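**Student:** Counting with mature numbering (1 follows the signal peptide of the UniProt record, and there is no 0), you get residues -16 to -1, 1 to 81 for the letters of the sequence shown.
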Amino acid sequence: MKLTTVVLLGCTSAYAASLSSLFERDINVCGWHLNGDDCICMNSQNGALLQVQTNTCCTNMGLQTKNAICTVAHDNRDTFKQCCKWLNQMSVIGHCR
């Protein structure tokens, strides 16, 4: 989904300033918030939450996503992060709170 406004939740001011010249921006860029043991696969270059990749890793671990975020037990966080890495896609990393 594309928006004509810039979603800047959680972005640094320098990053936000660099985005201000764009007419439309993906809603997933800096528009996510993690609680507790929440984990996501994300784009390391722009901070975008990657819903498909997050769902893939969450499902592979026998878990379910809620709002494109996977709640992972603390002991399994590294496994989730490695799953994102093992997808072998450019700029995809796993991130947990």
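All C-beta atoms, glycine included, are put in the ideal place defined by N, C-alpha and C.
Only a predicted model underlies this, so the values are computations on that prediction, with no experimental measurement involved.
For the alpha helix (DSSP H) that contains V36, what are its first and last residues?
**Tutor:** 35 to 44
**Student:** Assign V36 to buried or exposed, taking buried as 16 or more other Cβ atoms, counted over all protein chains shown, within 10 Å of its Cβ.
**Tutor:** exposed
**Student:** Just the Cα atoms here: how many angstroms apart are R81 and D22?
**Tutor:** 6 Å
**Student:** In the structure shown, what three-state DSSP assignment does H17 receive?
**Tutor:** H17 sits in coil when the DSSP states are folded into three classes, being neither helix nor strand.
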